Amino acid sequence: MSKSGVAVTPDCVTKFNELKLGKSIKYIIYKLSDDYKEIVVEESSTDPEWENFQKKIVDAKSSYKGKEGKGPRYAVYDFQYELDGGEGTRNKIVFISWSPDEGTLVFPRMTYASSKEALKNSLNGIGAEVQANNEDEIEYSTILSSVSKGKR
Amino acid sequence: MTATLSNTTAPNTADYGGDEISALVLDPGYSVTRAGFAGEDVPKSVIPSFYGIVPSLNGPKHLYGENAVHTPLPNIEIGNPVSQNGVVEDWDTATQLWEYAITSRLTNTKPSNPLTNGLNDKTDDLKQEMDGVETQERPLDENPLLMSETGWNTGKGREKLIEIAMENWGSPAFWLARSGVLSAFSAGKASALVIDVGAASTSITPVHDGLMLKKGTLRCPLAGNYISDQLRLIFSTAQPSVPLTPHYLINSKTPVDAGAPAQASYRTFPIGTEPNPSFRALQEERILTEFKESVVAVWSPGRLGGHNQHGGTNLDSARTQNARPFEMPDGYNQFFGVERYRATESLFDVKMALSDASHHAPTPNQTLPQMIAQSLSQIDVDIRPHLLSNVVVVGGSSLIYGFNERLKQELEAMYPGPRVRIFSPGSVVERKFSSWIGGSILASLGTFHQMWISKKEYDEHGPGIVEKRCK
Amino acid sequence: MPPFKDEHILVIAPGSQTTLAQLGLPESFTPAQLRVSTRMFPAEKKGEWEPIKIRERKITKHKQDVAPDPIDGDTAMAGTDGQTNDADAADDEGGSYFEEDPTTEEGAVYPIREGRVVDWSCLFALMTHIYNTLSPPFHTPILIITQPAWTAQDHEIITQFFFEKFKTPAFCLMDSALAVCYAYGASTATVIDIGYEKCDITAVNDFLINDAGRGTALTGCGGESMTQRLLELLSTKGFARDMCEQLKRSGICEVLPSGTPMPGEAEAEEPNVNPAAAASAGANAAGLKGRGSVGDSTAALRVAASGTDAGDEAQDGEGEDNEGVLDVATIVASGKTSEFLARKEKEKAEKAEKAAAKKAAQEAANAPKPAKLPNAKRMTASFQYTERRPLEEINQNGKRPLQNGNENGEVTLKRPKTPEPQDLNETGASEPIPTSNAQTNGQQNGESTALIRRDVEVGVERFQAATGGILDQVADAVHRCILSVPEVGRRGDFWDNLIIVGNGSRVRGCKEALVAKLHSKYLISPSSATIFTSELPSNFTTPVATGANTPQPQSHMSNSHHGPGVNPLLAAAVTASNPGGLAPPSQHQHLAAQLQMQQYHQQHQHSGHGQTPTSIKLMKMPEYFPEWKDAGIEEAAFLGAQVAAKVVFVVDQGLSKGFMSRTEYNDLGPQGIHEFCM
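First to last, the sequence lines map onto chains Y, A and H.
The first sequence begins at 101 in my numbering and counts up by one.
The second sequence begins at 250 in my numbering and counts up by one.
The third sequence begins at 3 in my numbering and counts up by one.
Written as structure tokens, this is what we have:
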């Protein structure tokens, strides 16, 4: 049970399983519902371009009590990378918690942070996890270094 | 709707189709107690944790609140239910103080148990009257209560808190959250190394996936009060010494040149009515706070005791450059150069600590960087880089100019490999009240209502339930 | 919802002693139409209340000896006519009858003490009484001014009462400090509200109240506290509380700035030497000429600035530009310090001449001419004391009862003092309130009574109403309140925007004395070491010969990132500077230090901030409310309430959620008020 009591909708898990098994979905972006009561799928995509994904994440918005700011998000990404020494490619499913330090309202920030465990725990098969708080940290190269180091 | 309007009780929200009743959020500190309603941006009730003790016909009387603590009543003494080590020592007073924080601004005073609310003499008649009184109104029996606790609060301490809430205050529901975790969440991080620089304590709390890592949670004694004490020593050992006379002892002052002796007229109290020295100490603290806000800074780059790129010493640079002026309540004024930096330097470099017979210098292990290193050494090596790139700095004393820059520098020096990133709220209010704000949001989430420990559960399982549920 | 009309808006401001109310917002806002004492009398049935005292009387024969009087005077409440015709009628029937006694306070219950509600039933009854008196139609929105001491739960209780009892369509709660800001048109200010028995001090920041450090209901710091102090000093001379109260309200009672010598104490040689300066050692008051250094210049400025009231002619009048505050920083910065001082010198010399001439004239005349000396210089003075005495006693003493039952003693005063709460017609209401109060000559204990007026002489005690420590306490609370504003760099704004309101502050000289106290205790003097204002300069001025380079007081900017162009004179000065220890820096060092500071702060984003206050200023009274100029601005909260009511109910129509509508109340309940109350 997460700290916040927020629930994970079944759709989140279903979509995740599709990504895991089907290998066509590249990434899924999750968000909190507008009433901040449950985690839902915002979108899923087969687009392999990292930059498009990154843009979606960075441009995300959240609003609270009529005010809008940058929005935190969760995402899972089927990350493919080359091993050193040309030993081939690997795939890892990365769980990304995105919460920009600047431009977010405290309420969404807080709710996302305290609900992360609920989502993560409901998704089996995550290979790596990254907490990204500004744009550098969601660059391809940064994620690559975390993932290929085998960080949990 | 209600036919007769009740005079004293709040309206029963069950009559309305509105949201659930707002929870109360209580975040007690050594210097300040913060309380307010969940869902609000800032705590409406911010009162000193210090309290006044005045003589009365029935023995010493406690006075709470801002006005009480700063008025030089005859023979007033100042106390604090929390010790300088950040641990509650006087539970009865703490209970009254925290209750006052809530009832003076938020809910109303209800007749609480007359035997324990500190307002009545405990006579036999009263006790007899109270016997057999089963149900009575409790002061906070309408709102769920979320309290914050320190990272070093013990199991017994936690049980005591839920007891107070349930039994003294009649809370219908209760939750206890570690203030470090609340601050991490409010910074948007489920994993972080939270450094909270308060008045009596600097807490170091590693949080991972929303859980406080107990092993790495430490209390560093170098915080706001320590810096104040350093200032006191700086002032008393200066040649000539810098007077630290609080406002209440000054009738009027005359402008004097910098460094010249003060020319003021002083207030005297009739013999036998002077306030206790503890009162004076608290009033001096007001000046020191002002001094810290407008003059004190942390030296960087490098250490104050080190050398600069031109080969000169930083101490010399500090003496000649960047001096800031300050005027004391009695009119004494001066430029303060090296003193600005000296007061804070020993947080990082123990060699720079001032000390005397009653104030011992900290040990090298007690500096902030060393304690952070200790903390990190206790936790999983894989997690350390992640925490270092998510350092959250909060707390009023972290607002001292240059503090975060120096902290970053010191951490980078200790850990050259991983990336060190510090997140620290820019707004003063968020910096000072980050754990309260975290609690306010948590307790206002629609989904949180299922998390509360209810009165019923407390009655069934006893105080031990808090250890099980509030992780 | 159809829009609300100006005429149908009800505003109520309850205070511990007096409640103000008004139905309708006139074109130009006026002082309150209705003033009532915040008290009710318990009725026969428990839990019920009456606005005036009702006694049960047995039938006896008695004579009526009543002289008809105009409507005016000291009745308890706007209630029914107090004529005891009932008595005559009942005479014939036998048994007992009920008699109203509008003149007594016996048994009165005051539901608000020191700002806090102590009796809800009584308060609700009072509100009902006011509502019925003003008799608004349905669909009348209501705005209530709240006391700072009220808790969130108090707000809910009041909200529930108004919605349910009066079925109001719209309801707004507004904190009194905020209302004062509306009256003054100030988004950022420090509001000092001196009430009956307590004082509230609030820092309002961009229309948001700063809760931390707020001085709420500071006990023993109200008008009544001053009356009690007078009682302490004068009870041995036979003064009762009522006499002290009237003394306090008269023009001869004056609060002098601390340190002012009482008349009869050691005479200064120069009659206009500032007594504050004389009191502190090392004052430069006498020797202003010939000193060029900054320290002394500014010391002299401070001397000139504070306490200019002391010893000034009473004729100069109250309040015009006698705020008694000089913006020292501006003067020094303008570079015209020496000119200014010279001018002040000249004025002083002229005054000294005048006073000396007067003194000579007085001595020549060899008879005291009290009219010539200002009140503050006279050993004794008289005021008119009005009291109610039994008619027989009056007739025995050969006096005449008053025809005009005005209980206030008024001496030579231009500004009217607070009328007794029942002076409905004096406040310029557009129409007389239908249910007026009774005549002054009512019954007291079954006897005929009347008002008489006599002269009472008082000595120097009349200057000591605030010597119980009120000024110290309030000043210290102001200091704490402003220093609790979280943004250090903004605090200067709060010091520069002080507002003193509240009927407790009406006492002559009170406001000036408080400002003088703040100056003398807390002002950071821009002398040799403390040239900086609280902001790091972003409009640096050219250094002037005196070496004083105080930047102009500026509007708030919490982080000045952009550095100003560095003055070449400064740069040159830096190269000539020599580092020193803690010795008083020379002029060059000042400039060098300033340059350093500037560069230092250009490098860093979040700049540290200097100490405050470097200036202390009262805000100017709002000019655009002519009716209020005569009444005095002490009840500015009520003026602000009208401004706010207009904005919230009429202009804005609820778009920015300024009030709570009935539908919202039905949805959210009383708890919902917190989203709407200001």
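Think of the CB as a built atom: it goes at the ideal place given N, C-alpha and C, for glycine as much as any other residue.
These numbers were taken from a predicted model, which means no experiment stands behind them.
CB-CB length for residue i against residue j, believed under 8 Å
| i | j | result |
| --- | --- | --- |
| Glu326 (chain A) | Phe528 (chain A) | 7 Å |
| Asp201 (chain Y) | Asn234 (chain Y) | 6 Å |
| Leu128 (chain H) | Val119 (chain H) | Leu128 (chain H) to Val119 (chain H), Cβ: 11 Å. No contact. |
| Gly158 (chain Y) | Ile238 (chain Y) | The residue you asked about is not Gly; residue 158 (chain Y) is Val in the sequence shown. Sure, about 7 Å apart at Cβ, within 8 Å. |
Beta-carbon proximity check, residue i vs residue j, cutoff 8 Å
| i | j | result |
| --- | --- | --- |
| Lys250 (chain H) | Val490 (chain H) | no |
| Trp701 (chain A) | Pro489 (chain A) | no |
| Phe640 (chain H) | Ala34 (chain H) | yes |
| Ser432 (chain A) | Asp445 (chain A) | yes |
| Met179 (chain Y) | Val113 (chain Y) | For the record, residue 179 (chain Y) in the displayed sequence is Phe; it is not Met. It is not a contact, given that the beta carbons lie outside the stated cut-off. |
| Asp598 (chain A) | Thr612 (chain A) | no |
| Lys55 (chain H) | Glu102 (chain H) | yes |
| Leu355 (chain A) | Tyr300 (chain A) | no |
| Val206 (chain H) | Leu233 (chain H) | no |
| Leu27 (chain H) | Lys648 (chain H) | yes |
| Pro265 (chain H) | Arg391 (chain H) | no |
Within-8 Å CB hit, residue i to chain B
| i | result |
| --- | --- |
| Gln512 (chain A) | In the structure shown, chain B cannot be found, because the protein chains are Y, A and H. |
Member of the options whose CA lies at the smallest distance from the CA of residue i
| i | options | result |
| --- | --- | --- |
| Thr320 (chain A) | H:Leu136, H:Pro53, H:Gly217 | H:Gly217 |
| Lys123 (chain Y) | Y:Tyr177, Y:Ser133, Y:Glu142, Y:Ala107 | Y:Tyr177 |
| Ala110 (chain H) | H:Glu50, H:Phe6, H:Thr148 | H:Glu50 |
| Val331 (chain A) | A:Gly400, A:Arg283, A:Val274, A:Ala449 | A:Ala449 |
| Leu467 (chain A) | A:Ala487, A:Trp340, A:Pro618, A:Pro574 | A:Pro618 |
| Thr20 (chain H) | H:Ser30, H:Gly97, H:Lys7, H:Gly117 | H:Gly117 |
| Thr451 (chain H) | H:Gly612, H:Gly225, H:Thr105, H:Cys201 | H:Thr105 |
| Val650 (chain H) | H:Asp156, H:Glu108, H:Thr221, H:Cys174 | H:Cys174 |
| Ile296 (chain A) | A:Thr282, A:Ile621, A:Thr538 | A:Thr282 |
Three-state secondary structure (DSSP) of residue i
| i | result |
| --- | --- |
| Pro553 (chain H) | Confidence is the limiting factor: at Pro553 (chain H) the pLDDT is only 33, short of 50, which leaves the residue's position unreliable and the question unanswerable from this model. |
| Leu312 (chain A) | strand |
| Phe6 (chain H) | coil |
| Ile621 (chain A) | helix |
| Leu244 (chain Y) | helix |
| Val491 (chain A) | coil |
| Ile61 (chain H) | coil |
| Val281 (chain A) | strand |
| Asn730 (chain A) | For residue 730 (chain A) there is no data in the structure shown, the boundaries of chain A being 250 and 720. |
| Gly419 (chain A) | coil |
| Thr437 (chain H) | Note on Thr437 (chain H): pLDDT 31, under 50, position unreliable in the model; the coordinate value appears next. Residue state, collapsed to three classes: coil. |
| Tyr602 (chain H) | Model confidence at Tyr602 (chain H) stands at a pLDDT of 41, short of 50, so the residue's coordinates are unreliable and nothing is read from them. |
| Thr229 (chain H) | helix |
| Ile501 (chain H) | strand |
| Val106 (chain Y) | coil |
| Asp195 (chain H) | strand |
| Asn392 (chain A) | coil |
| His457 (chain A) | strand |
Name the residues in the stretch 694-707 of chain A whose C-beta lies less than 8 Å from a C-beta of chain Y; which are they?
Leu694, Gly695, Thr696, Phe697, His698, Gln699, Met700
Proximal residues, the stretch 429-441 of chain A versus chain Y, C-beta separation under 8 Å:
Val430, Ala433, Phe434, Ser435, Ala436, Gly437, Lys438, Ala439, Ser440
Closer than 8 Å, Cβ to any Cβ of chain H: which residues of the stretch 569-591 of chain A, in chain order?
Thr569, Gln570, Asn571, Ala572, Arg573, Pro574, Phe575, Glu576, Pro578, Gly580, Asn582, Gln583, Phe584
Residues, ordered as in the chain, of the stretch 220-234 of chain H that lie near chain A by beta-carbon distance below 8 Å:
Leu220, Thr221
Taking Cβ-Cβ distances below 8 Å as the criterion, which residues of the stretch 202-221 of chain H are in contact with chain A?
Asp213, Ala214, Gly215, Arg216, Gly217, Thr218, Ala219, Leu220, Thr221
Give, in chain order, every residue of the stretch 542-568 of chain A whose Cβ lies closer than 9 Å to some Cβ of chain H.
Glu542, Ser543, Val544, Val545, Ala546, Asp565, Arg568
Beta carbons nearer than 8 Å to chain A: which residues of the stretch 150-172 of chain H have them?
Thr153, Ala154, Gln155, Asp156, Glu158, Ile159, Gln162, Phe163, Glu166, Lys167
Could you name the residues of the stretch 185-218 of chain Y whose beta carbon sits closer than 7 Å to any beta carbon of chain A, in the order they occur along the chain?
Ser197, Ser199, Asp201, Thr204, Val206, Phe207, Arg209, Met210, Thr211, Tyr212, Ala213, Ser214, Lys216, Glu217
Under 8 Å, CB to CB, which of the residues in the stretch 25-51 of chain H have a partner in chain A?
none
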